[in-house]
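Notes follow the structure.
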Amino acid sequence: MATILTPRLQLSPFKPSDWAFFRSLREDRAIMRYMAAIAPEKETRRLFAIRLAAPHTFVIRSRHEDTPLGDIGLQISAKYREEADIGYTVIPQAQGKGIASEALRAVCDYAFTQTGVKAINAYVLADNAGSVRVLEKMGFVRTQVLEQAYEIDGVRYDDWVYRLECGAGGTAFARPT
6 MATILTPRLQ LSPFKPSDWA FFRSLREDRA IMRYMAAIAP EKETRRLFAI RLAAPHTFVI
66 RSRHEDTPLG DIGLQISAKY REEADIGYTV IPQAQGKGIA SEALRAVCDY AFTQTGVKAI
126 NAYVLADNAG SVRVLEKMGF VRTQVLEQAY EIDGVRYDDW VYRLECGAGG TAFARPT
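Residue numbers (the numbering used here): 6 to 182.
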């Protein structure tokens, strides 16, 4: 599995030692408010096992520190090998510093140059203004609004669908190693 380097970041595959970090992300209400309800530990362990085995999921770290800043993952469709979905999370202390944008650009570049993917889709809650800005800055285009389609803790939200096609989004700088 690849490690991706950017000017400031290292995106590396999940390791068993990342469990405490992953669990802390999944139990943080500030992070999960736009993703899902906080799940029981058994479900979180199941999701972590999937991350460990997945070929295109990464822990985001500074190139100069080992402390995780977030995670990002690409899921290539089994039916349509030229399409993938992407999702990411950045800890509150790293938000607003361009970390999500840099990691997103790197993984999109990796997807387009290393995996054969031609289009990447992202789903974001309409209320998640930070993530909307990151996607739009990267060149993702909103293609669909799914009204009241996503539920978290009994509250329904509009889900926005974004898409980036190969060749869009500017110059890439990621270097898989």
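Glycine included, each C-beta is placed from N, C-alpha and C at the ideal position. Please read these numbers as outputs of a predicted model, since none were measured by experiment.
- Taking all protein chains in view, the Cβ of Gly78 is crowded by 16 or more other Cβ atoms within 10 Å, so the residue is classified as buried.
- Its chain contains Phe19 and Thr62 as the residues whose beta carbon lies nearer than 6 Å to that of Arg56, once the 5 sequence neighbours on both sides are disregarded; these appear in chain order.
- Where Val129 is concerned, the enclosing beta strand (DSSP E) starts and stops at Ala124 to Leu130.
- Around the C-beta of Arg68, fewer than 16 other C-beta atoms lie within 10 Å, and the residue is accordingly described as exposed.
- Collapsing the DSSP output to three states places Tyr167 in a strand.
- In the three-state DSSP reduction, Arg161 falls in the strand class (E or B).
- Annotated as proximal: Asp164 and Leu151, with beta-carbon spacing under 8 Å.
- Taking every protein chain shown into account, the CB of Ser17 has 16 or more other CB atoms within 10 angstroms, so this residue is buried.
- Shown here for Val112: same chain residues with a beta carbon closer than 6 Å to its own, the five before and five after excluded, namely Ile77 and Leu79 in chain order.
- When secondary structure is reduced to three states using DSSP, Asp33 falls in the coil class, being assigned neither helix nor strand.
- Membership of Ala89 in the beta strand (DSSP E) is indicated by the continuous run Glu88 to Val95.
- In the three-state reduction of the DSSP assignment, Glu70 falls in the coil class, being assigned neither a helical nor a strand state.
- Bounds of any beta strand (DSSP E) do not take in Ser106; it lies within the alpha helix (DSSP H) bounded by Ile104 to Tyr115.
- Residues Val129 of the same chain have their beta carbon placed closer than 6 Å to that of Ser136, with the five preceding and five following residues left out of the count.
- If you ignore the 5 residues before and after Gly92, its C-beta comes within less than 6 Å of the C-beta of Gly78, all in its own chain and listed in chain order.
- Per the coordinates, the alpha-carbon of Trp24 lies some 31 Å from the alpha-carbon of Lys142.
- Phe117 and Glu107 have their C-alpha atoms some 16 Å from each other.
- Excluding its 5 nearest sequence neighbours in each direction, Ala89 has C-beta neighbours in its own chain below 8 Å: His61, Leu79, Gln80, Ile81, Ser82, Ala116, Thr120, Val122, Ala124, Ile125 and Asn126, listed in chain order.
- Nearest in C-alpha terms to Ala44, of all of Leu74, Glu32 and Met6, is Glu32.
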